[in-house]
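Colleague:
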Amino acid sequence: MPIVTYHLPDGTATDVDVQVGQTIMDGSTRNNLPGIVAECGGSCSCATCHVHVDATSNGLFAEPAEEETELLEFLDGACDRSRLSCQLVVPDTDERIEIHVVDSR
Ligand code: FES
10 MPIVTYHLPD GTATDVDVQV GQTIMDGSTR NNLPGIVAEC GGSCSCATCH VHVDATSNGL
70 FAEPAEEETE LLEFLDGACD RSRLSCQLVV PDTDERIEIH VVDSR
């Protein structure tokens, strides 16, 4: 199972095994990690699942769809590494996936 390292807003990091096909949001909320609120439950409408994908892991994910890009445009603290974690599907990879969690509260 791929390992996702969640770099949390408090400066700590937690490794989680996340099944292929689940989302980065799933791996966080199922383990009660802080930072990803995921108010809409993953339907790409709330933007409270904002993360920054580490440069080393950027190529592992599909490009954002238009609705995700539009939400990110209006988000405080968004940058070119910003993604909505409910739209990031974990691929079948041996590489560690590095995610920087932005506190969405
Ligand atoms: S959980 Fe709401 S947009 Fe991702």
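Just so you know, we're using my numbering here: the sequence shown kicks off at 10 and counts up by one. From the three backbone atoms N, C-alpha and C, an ideal C-beta is built for every residue, glycine too. Computed from a predicted structure; not experimentally measured.
Can the beta-carbon of I108 be found closer than 9 Å to that of D63?
Modeller: yes
Colleague: By the three-class DSSP mapping on this structure, what secondary structure does S37 have?
Modeller: In this structure, S37 counts as helix in the three-state DSSP scheme.
Colleague: Quick one: what does DSSP say T57 is sitting in, helix, strand or coil?
Modeller: coil
Colleague: Looking at the strands, I want to know which residues DSSP matches up with S91.
Modeller: H61
Colleague: Considering only C-alpha positions, which residue in the set C49, D19 and N67 is nearest to L97?
Modeller: Considering only alpha carbons, the answer is N67.
Colleague: Which residue's Cα is closest to the Cα of L81: G51, T57, P43 and T38?
Modeller: T57
Colleague: Starting from the Cα of L84, find the closest Cα among A22, S54, R105 and L42 and give me that residue.
Modeller: S54
Colleague: Start and end of the alpha helix (DSSP H) containing E107?
Modeller: Note, E107: premise wrong, no alpha helix (DSSP H); beta strand (DSSP E) at I106 to V110.
Colleague: Measure the Cβ-Cβ separation of H61 and R105 and say whether it is below 9 Å.
Modeller: no
Colleague: Flag this pair as yes or no: are the beta carbons of S52 and C95 separated by less than 9 Å?
Modeller: yes
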